[in-house]
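Protein chains in written order, with the numbering used here: chain A, 8 to 114; chain P, 20 to 140.
1) Check whether the segment 109–128 of chain P touches the segment 20–34 of chain P, taking contact to mean three or more Cβ pairs, one atom from each stretch, closer than 8 Å.
2) Please list the segments of the beta strand (DSSP E) lying wholly inside the segment 37–67 of chain P, counting only runs of 3 or more residues, in order along the chain.
3) Expressed to the nearest angstrom, what Euclidean distance is found between the alpha-carbon atoms of residue 113(A) and residue 74(P)?
4) Decide if residue 61(P) is buried, meaning its Cβ has at least 16 other Cβ atoms within 10 Å, or exposed.
5) Quick one: list the residues of chain P neighbouring residue 77(A), beta-carbon separation under 8 Å, in chain order.
6) Could you pull out every residue in the same chain whose Cβ sits closer than 6 Å to the Cβ of residue 17(A), ignoring the five residues on either side in sequence?
7) Count the other CB atoms, across all protein chains shown, that sit within 10 Å of the CB of residue 64(A); report buried if there are 16 or more and exposed otherwise.
8) Straight-line CA distance for residue 69(A) to residue 42(A)?
9) May I have the straight-line CA-CA distance separating residue 60(A) from residue 125(P), to the nearest angstrom?
10) Using a beta-carbon distance cut-off of less than 8 Å, what residues from the segment 93–113 of chain A approach chain P?
11) Output, in chain order, the set of chain P residues within a Cβ distance shorter than 7 Å of residue 51(A).
12) Buried or exposed: where does residue 22(A) fall if 16 or more other Cβ atoms within 10 Å of its Cβ makes it buried?
13) State the Cα-Cα distance for the pair residue 14(A) and residue 94(P), rounded to the nearest angstrom.
14) Using 8 Å as the limit for Cβ to Cβ distance, is residue 41(A) near chain P?
15) Using a C-beta cutoff of 8 Å, does residue 78(P) count as contacting chain A?
16) Who are the near neighbours of residue 89(P) in its chain, counting only those whose CB is closer than 6 Å to its CB and skipping five residues on each side?
17) For residue 29(A), report the span of its beta strand (DSSP E) as first-last.
18) Looking at the structure shown, is residue 59(A) part of a helix, part of a strand, or coil, going by DSSP?
19) Among 118(P), 140(P) and 103(P), which one has its Cα closest to the Cα of residue 131(P)?
20) Taking Cβ-Cβ distances below 8 Å as the criterion, which residues of the segment 58–73 of chain A are in contact with chain P?
21) Taking the alpha-carbon of residue 38(P) as reference, which of 140(P), 139(P) and 135(P) has the nearest alpha-carbon?
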């Protein structure tokens, strides 16, 4: 199975800050990577598909990028509604696998 | 508006069975792969299974192979997950989710609210 190593596991930041979350795949997955946001008690929400494509309706402050097997989600100018847990997911090979999650908390 | 709604969760004893359902409205169900994803209490997301448009292709995570079975009924815009030989480690919220495009190798764009399965004696 492809392992997705996500870091950091937790992150503290303030409104207006920029943050970066990283996901490293254990093997090449091309751009078959998605980023999701999940708030407590809610279903995940797709933010980024195919590594760098912004899902419709998602603010442009969410930016996905890729370099080899390393993928990053950058959130610029944090807003109050951005404090949540973020997951990456590879869909290159079965079984699809998620990163462990990054909990973004308000400082 | 796209809506996915899971049902069928509940408390079941180890070794027992449940059938989860996912009803879909607001998009053309028959043209999309569909997925099940679960989340154990306080834990991360785990992809469980998916199924292609006509139900002829199905994939599962190893931990559920031989115990869970995914199916769909396009006439009813519904997907199902039959859970057999349940174990305590199957306790989770089970989400249904649609694949974004028309292929199986795709992100998950629409999600239901989930249904809780608790396996305990």
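For every residue, glycine included, the Cβ atom is placed at its ideal position computed from N, Cα and C.
Predicted model, so just to flag it, every value in this text is computed and none were measured.
Let's see:
1) yes
2) 37–44 and 53–58
3) 44 Å
4) exposed
5) Those do not exist, as residue 77(A) stays about 18 Å from chain P at its closest Cβ, beyond 8 Å.
6) 110
7) exposed
8) 10 Å
9) 12 Å
10) 94, 96, 98, 99, 101, 102, 103, 104, 105, 106, 107 and 108
11) 64 and 130
12) exposed
13) 43 Å
14) yes
15) yes
16) 68, 70, 77 and 100
17) 26–32
18) coil
19) 118(P)
20) 62
21) 135(P)
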